[in-house]
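Engineer: Using the numbering used here, the first residue of the sequence shown is number 1157, and each one after it goes up by one.
Every residue gets a Cβ at the ideal spot worked out from N, C-alpha and C, and that includes glycine.
None of these values were measured; they are calculated from a predicted model.
I have a structure I would like to understand better, so I am pasting it below and will then ask my questions one at a time.
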Amino acid sequence: MNDGQCCKSFPKQFKDDTEENVNGYPIYRRRVTEPVQVGKYSIVNRWVVPYNPWLLNKLLHTLMLKFVPQYVRAPEAMWNLNEFSLSHKSHTVVRLAVHLPQQQPIVYQDGQEAQAIERAALSEKTLTSWFELNKNDPSVHNISYSDIPQYYVFDKSTTNWKKR
């Protein structure tokens, strides 16, 4: 709406045939029909936006992907195109540390190497914490490191694996 007027040129004029204007834009056929009472409003065909239900159904997902501000990968897009529900179908990706004994990666800024080494000595990573869990709990011996997130959650505050 601009200054109380519709910027999309509604209401449209009644036309017997679909025509093209000088710019190539279609002027759709609008049949003269009886007004329909919707609440306190009387609606005529001049106010109706034309659409193709089949095309709208086929392009609905494409339009949604265009306007939803998130990245959708190919498997998710295929799942959506096949009209499967995406809710409650996702999984959590847990990044498990892999390193040699006493060779955990340490991130530090220049001049703070000593503090970073002290911090790393005190902190447990997912791998070393899994070794501790295996040492203390015999029921975990048959769970591999890659499968541990299915049964346990790594608590970063205590740096321990906790049973789900």
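(1) Specify whether the stretch 1168-1184 and the stretch 1193-1206 touch according to this definition: at least 3 beta carbon pairs, one from each stretch, less than 8 Å apart.
(2) What whole-angstrom Cβ distance do residue 1301 and residue 1320 have, given they're in contact under 8 Å?
(3) So residue 1285 is in the alpha helix (DSSP H); what residue range does that whole segment cover?
(4) Ends of the beta strand (DSSP E) at residue 1199?
(5) Per DSSP, residue 1214 is paired with what?
(6) Would the stretch 1275-1289 count as touching the stretch 1253-1261 if we require 3 or more Cβ pairs under 8 Å?
(7) Consult DSSP for residue 1236 and reduce its assignment to one of helix, strand or coil.
(8) Compute the distance between the beta-carbons of residue 1294 and residue 1250, then report whether it is under 9 Å.
(9) Could you say which of 1190, 1290, 1229, 1298 lies nearest to residue 1316 if we only look at CA atoms?
(10) On the premise that residue 1253 lies in contact with residue 1264, defined as a C-beta separation below 8 Å, what is that separation, rounded to the nearest angstrom?
(11) Answer with yes or no whether the minimum CB distance from residue 1306 to chain B is below 9 Å.
Structural biologist: Looking at the atomic coordinates:
(1) yes
(2) In fact, because the Cβ distance is near 16 Å, the residues do not count as touching under 8 Å.
(3) 1282-1292
(4) 1197-1199
(5) Answer by DSSP bridge pairing: none, since residue 1214 is not bridged.
(6) yes
(7) helix
(8) no
(9) 1290
(10) At roughly 17 Å, the Cβ-Cβ gap does not stay under 8 Å, so residue 1264 and residue 1253 are not in contact.
(11) The chain labelled as chain B is not found in the depicted structure, where only one protein chain is given.
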